[in-house]
Amino acid sequence: MSPFSCFCSRPTVKEDAPERHERAEPAAKAVTPQPSPVPTPDVVKDTPTNPQVCNGIVATTADAPAAPVVEQPVAKPPAEERPRLQPRTVSQMQGQSIEQVQAAYARDQNSILRALRDSMEALDRQLSGKAASTSQPASQQNSPAKSSLSGPSAPAKQLDQATSAAELERESISAEPQVSEAVRWIRQHKTQLEEIRRLAKGHRIFAAEAALNTLLEQELGMTSELLEQHSDLVSFHAENIMKDAAHVHESLRQLRDDTGWKVCSKGDLKVLYHHEHGKQVHSIKMQATLDCPLELLLSLAAEYDLMSAWNKYALDPVVLAMPSLWEKYVYSGVWLPFPFPHMDLTVRGKGWDLGKEEHCLLVNIDNVGDDYLPLPDGALPLPALHVKRKRVSFIKFSCFALEELPPDKDGKKRTRGAIMGHADPHIAFVPSAVINFFLKVFAPFVYKQVVQVVHTALTDPNSPFMKRINEKPEMYSRIREQTDTYLKEVYGPDVQCVSGSRMTLGRLTCDLE
35 MSPFSCFCSR PTVKEDAPER HERAEPAAKA VTPQPSPVPT PDVVKDTPTN
85 PQVCNGIVAT TADAPAAPVV EQPVAKPPAE ERPRLQPRTV SQMQGQSIEQ
135 VQAAYARDQN SILRALRDSM EALDRQLSGK AASTSQPASQ QNSPAKSSLS
185 GPSAPAKQLD QATSAAELER ESISAEPQVS EAVRWIRQHK TQLEEIRRLA
235 KGHRIFAAEA ALNTLLEQEL GMTSELLEQH SDLVSFHAEN IMKDAAHVHE
285 SLRQLRDDTG WKVCSKGDLK VLYHHEHGKQ VHSIKMQATL DCPLELLLSL
335 AAEYDLMSAW NKYALDPVVL AMPSLWEKYV YSGVWLPFPF PHMDLTVRGK
385 GWDLGKEEHC LLVNIDNVGD DYLPLPDGAL PLPALHVKRK RVSFIKFSCF
435 ALEELPPDKD GKKRTRGAIM GHADPHIAFV PSAVINFFLK VFAPFVYKQV
485 VQVVHTALTD PNSPFMKRIN EKPEMYSRIR EQTDTYLKEV YGPDVQCVSG
535 SRMTLGRLTC DLE
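Residue numbers (my numbering): 35 to 547.
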């Protein structure tokens, strides 16, 4: 390819400029088949030896050495005028070396880029000034002193006169992103969104999910993803509500479905076991009904630091952090007989009020640490002996649920409890002795201890768990009131419940304030 080919495609000679043809014709006539004389060393260095053809005009520089080109300083165009580029003609290129032509072409490119950049900056300044003027009151927009188009400014002269202010306004409106529509929709449904926020804050996740779905179905253009972008306006995260609700739905489904589980024991305590061949996860499920109100059975799990008082297999139980009444981070070691090493776990318990929808309270158990949830800021450090224990991870959907049943014929409150744990001991092969220990020793022992603690709490107002219940009315009295409400809705208004600031624990009545 010829070094002048980049210029040949451009129309450099105009019909209304005959003098350019007249200057180019002698050069064309000077071309003869005679061989070119031997050029001087300077010509050989700076000029080509073969003639070049551009738009039908032959130009040669072999007849004489090229005269040195002296570049004249180009005056910078005034700010109010758009820089104009003059096309470079063949006569201007005649007598120049390849390096000189390439340098001139590079200067032309830089000039074009500068001109485009200046034009774009001017247009941006003009549009910015128009947007600022449209946001002002009408009296200020009509004022010549404050108008963005007043005065001999350079951007105003660079705009095309055919673009009117009305067209600019229409363009700005059409270019408005969809988020502005979302903001107007949020303001229009402020009451419904506030109710969803209240339900989510109270951990009534199913009620919040249903209200959010109902609201989104009314507006086809609104989605939970778009609503999530404006979580600062609605004061809740729509994506988190949907994700948490799906997690709770699946946890509840697995807890109630015993398909594929092996029943290890029946009676007052039902123990089930599940394990898939080739996988490290071992699942255990326990179900039982106890003669006590729901909040008393809940306190055995919520007051985690009291576990060592009734469970001798628990080592160093401690509450690491408590972000809210519905969320706790806890640690505990688990004693195992020799020669197996003791195990430990660090989990987060997060509760959900499903009383109105599923007549139960569900707590998800999620693993903390490693690639799972991190500990929140300000959490207590783990006990020093945790480094000597084997870590056990709880896989997602591990949970326990508590459901209060109607009182029996003697008026005693009853609560059905179920717990499901998907544990990964990070061991390729778990000895059958360890599995049998949990199924035949650990599970029955824990059940007997829970029955004993419940009986003590019902007969001794000064028991540790009754004291904790009395010290936390904001948690336990609220659960009692909500439990009474759904019991009446499900079993009728004649069901025996006590609401208000007092609750009946079997034959014991205690104040919660």
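Backbone N, C-alpha and C fix where the C-beta goes; we use that ideal spot for every residue, glycine too.
* Asked: Where does TRP589 sit, in a helix, a strand or coil, going by DSSP?
  -> The structure shown does not extend to residue 589, since the chain is modelled only from 35 to 547, so the question has no answer here.
* To do: Please state whether DSSP places PRO417 in a helix, a strand or coil.
  => Locating residue 417 in the sequence shown gives position 383, where the first residue counts as 1. Under the three-state reduction of DSSP, PRO417 is assigned to coil, being neither helix nor strand.
* Asked: When you compare each of PRO478, VAL217, ARG512, PHE471 to PHE372 by their alpha carbons, which one comes out closest?
  -> Walking along the sequence shown from the start, residue 372 turns up at place 338. Among PRO478, VAL217, ARG512, PHE471, the Cα nearest to that of PHE372 is on PHE471.
* PRO507: first and last residue of the uninterrupted alpha helix (DSSP H) it sits in -> Residue mapping note: residue 507 aligns to position 473 of the sequence shown, counting from 1. Its alpha helix (DSSP H) spans residues 507-525.
* alpha helix (DSSP H) containing ARG382: first to last residue? -> Counting from 1 along the sequence shown, the entry for residue 382 is found at position 348. No alpha helix (DSSP H) contains ARG382, which is instead part of the beta strand (DSSP E) from 377-388.
* Name, in chain order, the residues that DSSP records as bridge partners for ILE399. => Residue numbering aside, residue 399 sits at position 365 when the sequence shown is read from its first letter. Under DSSP, ILE399 takes part in a beta bridge, and its partners are GLY383.
* Asked: Any idea what DSSP makes of LYS346, helix, strand or coil?
  -> As a working note, residue 346 is residue 312 in the sequence shown. For LYS346, the secondary structure class from DSSP, reduced to helix, strand or coil, is coil.
* Which residues DSSP lists as bridging SER145, in chain order -> Within the sequence shown, the letter at position 111 stands for residue 145. Under DSSP, SER145 forms no beta bridge with any residue.
* So, is PRO415 buried or exposed, given that buried needs 16 or more other C-beta atoms within 10 angstroms? -> Here the question's residue 415 lines up with position 381 in the sequence shown. So PRO415 counts as exposed.
* Asked: For the alpha helix (DSSP H) that contains ILE239, what are its first and last residues?
  -> Taking the first residue of the sequence shown as position 1, residue 239 is located at position 205. Start and end: 239-252.
* Across which residues does DSSP place LYS313 in a beta bridge pair? -> Taking the first residue of the sequence shown as position 1, residue 313 is located at position 279. LYS313 has no beta-bridge partner at all, per DSSP.
* Following the continuous beta strand (DSSP E) through TYR363, name the residue where it begins and the one where it ends. => Here the question's residue 363 lines up with position 329 in the sequence shown. For TYR363, the enclosing beta strand (DSSP E) begins and ends at 361-368.
* If we ignore side chains and look at the alpha-carbon of each, how far apart do GLU310 and GLN288 end up? -> Numbered from 1 along the sequence shown, position 276 holds the residue referred to as residue 310. Numbered from 1 along the sequence shown, position 254 holds the residue referred to as residue 288. Those two C-alpha atoms are separated by around 15 Å.
* To do: Identify, in the order they occur along the chain, each residue of the same chain with its Cβ nearer than 6 Å to the Cβ of LEU359, setting aside the five sequence neighbours on each side.
  => As a first step, residue 359 must be located in the sequence shown, where it is residue number 325. Residues MET509 of the same chain have their beta carbon placed closer than 6 Å to that of LEU359, with the five preceding and five following residues left out of the count.
* By Cβ distance, which residues of its chain are closer than 7 Å to ASP302, with the 5 residues on each side in sequence left out? -> As a first step, residue 302 is located in the sequence shown; it is residue number 268 there, counting from the start. The answer, listed in chain order, is ALA322.
* Asked: In chain order, what residues of the same chain lie with their CB nearer than 8 Å to the CB of ALA343, ignoring the 5 residues before and after it?
  -> Position 309 of the sequence shown, counted from the first residue, corresponds to residue 343. Result list for ALA343: PRO498, in chain order.
* To do: Kindly list the residues whose CB is nearer than 8 Å to the CB of GLN486, restricted to its own chain and excluding five residues on each side of it in sequence; keep chain order.
  => Along the sequence shown, read from residue 1 onward, the residue named residue 486 stands at position 452. If you ignore the 5 residues before and after GLN486, its C-beta comes within less than 8 Å of the C-beta of TRP344, all in its own chain and listed in chain order.
* **First and last residue of the uninterrupted beta strand (DSSP E) at MET454** => Here residue 454 is taken as the residue at index 420 of the sequence shown, counted from 1. Start and end: 448-458.
* Just how far apart, CA to CA, sit SER432 and GLU155? -> For the purposes of this step, residue 432 is identified with residue 398 of the sequence shown, where counting begins at 1. For the purposes of this step, residue 155 is identified with residue 121 of the sequence shown, where counting begins at 1. Looking at the two C-alpha atoms, the distance is approximately 59 Å.
* Asked: Considering only residues of the same chain and omitting the five flanking positions on each side of ARG425, which have a CB-CB separation below 7 Å?
  -> If you number the sequence shown from 1, residue 425 lands on position 391. Here the set comprises ASP378, HIS460.
* Between GLU243 and ILE275, is the Cβ-Cβ spacing less than 8 Å? -> Translated into positions along the sequence shown, residue 243 becomes position 209. Translated into positions along the sequence shown, residue 275 becomes position 241. Inclusion of GLU243 and ILE275 in the CB contact set at 8 Å is warranted, their separation being smaller than that value.
* Report yes or no: do three or more beta-carbon pairs, one from the segment 278-288 and one from the segment 228-245, lie closer than 8 Å? => Cβ pair count under 8 Å is three or more, so yes.
* Asked: Is the beta carbon of GLY451 less than 8 Å from the beta carbon of LEU473?
  -> Counting from 1 along the sequence shown, the entry for residue 451 is found at position 417. Counting from 1 along the sequence shown, the entry for residue 473 is found at position 439. In this structure, LEU473 does not lie closer than 8 Å to GLY451 by Cβ.
* Which of the three DSSP states, helix, strand or coil, is assigned to TYR307? -> Your numbering for residue 307 matches position 273 in the sequence shown. In the three-state DSSP reduction, TYR307 falls in the strand class (E or B).
* **PHE428 and ILE399 closer than 8 Å at C-beta** => Position 394 of the sequence shown, counted from the first residue, corresponds to residue 428. Position 365 of the sequence shown, counted from the first residue, corresponds to residue 399. A contact, by the Cβ cut-off of 8 Å.
* Asked: For the candidate residues SER366, ASP442, LYS384, whose alpha-carbon lies nearest to that of PRO417?
  -> Here residue 417 is taken as the residue at index 383 of the sequence shown, counted from 1. That would be SER366, whose Cα lies nearest to the Cα of PRO417.
* Asked: DSSP state of LYS422, grouped into three classes?
  -> Position 388 of the sequence shown, counting from 1, holds the residue named residue 422. Taken through DSSP and simplified to helix, strand or coil, LYS422 comes out as helix.
* To do: Kindly list the residues whose CB is nearer than 6 Å to the CB of GLU329, restricted to its own chain and excluding five residues on each side of it in sequence; keep chain order.
  => Counting from one through the sequence shown, the residue named residue 329 turns up at place 295. Within its own chain, the residues whose Cβ lies closer than 6 Å to the Cβ of GLU329, once the five positions on either side in sequence are excluded, are TYR510, ILE513, ARG514, listed in chain order.
* For LYS319, does the count of other Cβ atoms within 10 angstroms reach 16, so buried, or fall short, so exposed? -> In the sequence shown, residue 319 corresponds to position 285, counting from 1. Residue burial is scored here from C-beta neighbours: LYS319 has at least 16 other C-beta atoms within 10 angstroms and is therefore classed as buried.
* Taking the Cβ atom as the reference point for each residue, do LEU354 and TYR363 lie within a distance shorter than 8 Å? -> Within the sequence shown, numbered from 1, the residue matching residue 354 stands at position 320. Within the sequence shown, numbered from 1, the residue matching residue 363 stands at position 329. Contact flag set, yes.
* Asked: Just how far apart, CA to CA, sit THR490 and GLN252?
  -> For this step, residue 490 is matched to residue 456 along the sequence shown. For this step, residue 252 is matched to residue 218 along the sequence shown. C-alpha separation (whole angstroms): 53 Å.
* To do: Could you spell out where the beta strand (DSSP E) holding VAL485 opens and where it closes?
  => Here residue 485 refers to the residue found at position 451 of the sequence shown. For VAL485, there is no enclosing beta strand (DSSP E); the residue is part of the alpha helix (DSSP H) that begins and ends at 477-493.
* DSSP state of VAL353, grouped into three classes? -> Taking the first residue of the sequence shown as 1, we reach residue 353 at position 319. In the structure shown, VAL353 sits in a strand (DSSP, three-state: E or B).
* Selected residue, minimal CA-CA separation from HIS393, among LEU250, ARG159, THR257, LYS522 -> Here residue 393 corresponds to residue number 359 of the sequence shown, with the count starting at 1. The shortest C-alpha separation from HIS393 is found at LYS522.
* Going by the beta-carbon positions, is the gap between ARG218 and GLU337 smaller than 8 Å? -> One-based indexing of the sequence shown puts residue 218 at position 184. One-based indexing of the sequence shown puts residue 337 at position 303. Not closer than 8 Å, so no.
* Specify the secondary structure class of VAL464 as computed by DSSP and reduced to three states. => Along the sequence shown, read from residue 1 onward, the residue named residue 464 stands at position 430. If DSSP states are grouped into helix, strand and coil, VAL464 belongs with coil.
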